[in-house]
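If you read the sequence shown in this note's numbering, its first letter stands for residue 418, the second for the next number, and so on.
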Amino acid sequence: MADVAVVGGGISGIACARVLAGAGLTVDVLDRGQRLGGRLAVQTLRDTGTAYDGRVVDVGASYITVSDPEFAAVVTDWVDRGKARPWTDTFHVADGTGLLGTKLGPMRYAAPRGLRSLVEDLAVGLPSDLVSIAHPVDVESVDVTDGGASIAGSTYRAVALCGPDPQMRALLSGATTARDALAAAPTWEPVLALTAVYDERTWPDLDGVFVNDDPVLSFVADDGRRRGDDAPVLVAHSTPVLAAGHLTEPITAAPIMLGALERIVAKSEPAWFTVKRWTYARPAQAREETCYFDGVVGLAGDAWDGKPRTEAAWLSGTALGRRIADELRG
Ligand SMILES: Cc1cc2nc3c(=O)[nH]c(=O)nc-3n(C[C@H](O)[C@H](O)[C@H](O)COP(=O)(O)OP(=O)(O)OC[C@H]3O[C@@H](n4cnc5c(N)ncnc54)[C@H](O)[C@@H]3O)c2cc1C
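Structure (structure tokens):
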């Protein structure tokens, strides 16, 4: 039996597993997805009737930003090995009527094979004698026992729950201190991600667009420029309010989102489109603590470590791995 179970194979869970394995502990990573990556997600285009079938599109997080030196070293290593690329520090801004201008910001990093490939890269380096990664495995509950916790009959010395609070809270039945720690969870916002594939580019040169004061769209990415192959593919993110009204049948939001996209960025109809639902896309804010650990159950993800974004998820998972390793190695 492994020492620790990590539930969640997104960037926080894999970061946590890396630290635990580095400390010589054995780890089972369990994720319900077909692939690792969580919200660093890609979709492979199929049956689009365009020349872009087989191409992957980033349909979750749009990009990665970096401020922490330790995470910066990870991103620099990805860039040096061609896994990630500096994408842009300049996005357009728009309102509901169209583009208004550009805005300088931090460098945004993307990945030529999609952001998910970065999580897979972190997992490739894990020693197979210490870490087992199983997916798709849908964990139904985590039962805290005397001096440990069990998942589907397997008992672990500690369990790290690495992902959105509502999904992780649902696994903890009964009264546990970890469940209490999640009681005051921040609000999680939904997002719909519309992928639109065009026959050719019909919009001005741009990388991404922050859309302000629009009831439908919040952000648009040029996925071709993001990934570096210049494919005419846009990914538009809805506002949380629009998403909340279409979570049961996300595709019903497509005409509204396409209308807004045509109004703001692309002056033509796409050859193909689809809509992906993120019920828990992002916490509205994150707690200041880096992670939580009560001696048996740990919590990490982008609702920890101050800023609700990918960097915080990596930092939080790394911090939790260190806390569990310190505790278990005494
Ligand atoms: C639309 C969208 C846009 C975003 N844009 C940005 C951006 O531009 N920049 C940025 O930095 N961040 C962005 N983010 C946020 C970023 O994606 C997250 O901060 C980061 O991916 C969180 O990683 P995580 O490991 O904490 O959680 P996740 O990636 O959600 O990983 C959790 C994992 O747990 C698994 N899981 C859940 N329940 C179970 C269960 N019961 N059993 C087994 N496995 C389970 C899931 O399958 C998932 O793989 C965006 C997110 C979305 C959705």
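Every residue gets a Cβ at the ideal spot worked out from N, C-alpha and C, and that includes glycine.
Quick caveat, the model's predicted, so the values are computed rather than measured.
Within the region 591-654, the complete alpha helix (DSSP H) segments of 4 residues or longer fall at 594-598 and 640-644, listed in chain order.
With a beta-carbon spacing of about 11 Å, leucine 447 and valine 421 fall beyond the 8 Å limit used to define contacts.
A Cβ-Cβ contact shorter than 9 Å links glutamate 537 with glycine 454.
Annotation: glutamine 460 is outside any alpha helix (DSSP H); the continuous beta strand (DSSP E) that includes it extends over 459-461. Inclusion of alanine 598 and aspartate 719 in the CB contact set at 9 Å is not warranted, their separation being larger than that value. Three or more Cβ pairs closer than 8 Å define a contact, and the region 638-656 falls short of that threshold against the region 488-500.
If you draw a straight line from the Cα of arginine 642 to the Cα of glycine 564, it comes to about 51 Å.
Looking from the CA of threonine 707, the closest CA among His654, Ala540 and Cys579 belongs to Cys579. DSSP links cysteine 579 through a beta bridge to Ala717.
No heavy atom of ligand 1 is found nearer than 8 Å to the CB of threonine 443. Assignment of glycine 439 by DSSP, reduced to helix, strand and coil, places it in the helix class. Taken through DSSP and simplified to helix, strand or coil, arginine 472 comes out as coil.
Taking the CA atoms as reference points, alanine 661 sits about 8 Å from valine 608. Assigned with DSSP and collapsed to three states, methionine 418 falls in coil, not helix or strand. Secondary-structure assignment with DSSP links phenylalanine 710 through a beta bridge to Gly715. Residue side-chain check: alanine 730 places its Cβ nearer than 8 Å to a non-hydrogen atom of ligand 1. Of the residues assessed, arginine 533 falls on the buried side of the cut-off, its CB having 16 or more other CB atoms within 10 angstroms. Secondary structure note for alanine 729: its alpha helix (DSSP H) is the uninterrupted segment 727-746. Considering only Gly513, Cys433, Val541 and Ala511, the residue with the shortest C-alpha distance to lysine 500 is Val541. In this structure, proline 700 and tryptophan 605 form a Cβ contact; the two beta carbons are roughly 5 Å apart against a cut-off of 8 Å.
In this structure, alanine 569 keeps its C-beta atom at 9 Å or more from the C-beta atom of valine 714.
With distances taken between CA atoms, glutamate 487 lies nearest to Gly734 out of Ala688, Gly734 and Leu589.
Contact check for alanine 577 against leucine 737 passes: the beta carbons are separated by less than 9 Å. Contact check for arginine 530 against valine 474 fails: the beta carbons are separated by 9 Å or more. Per DSSP, the continuous beta strand (DSSP E) segment holding isoleucine 568 begins and ends at 565-568.
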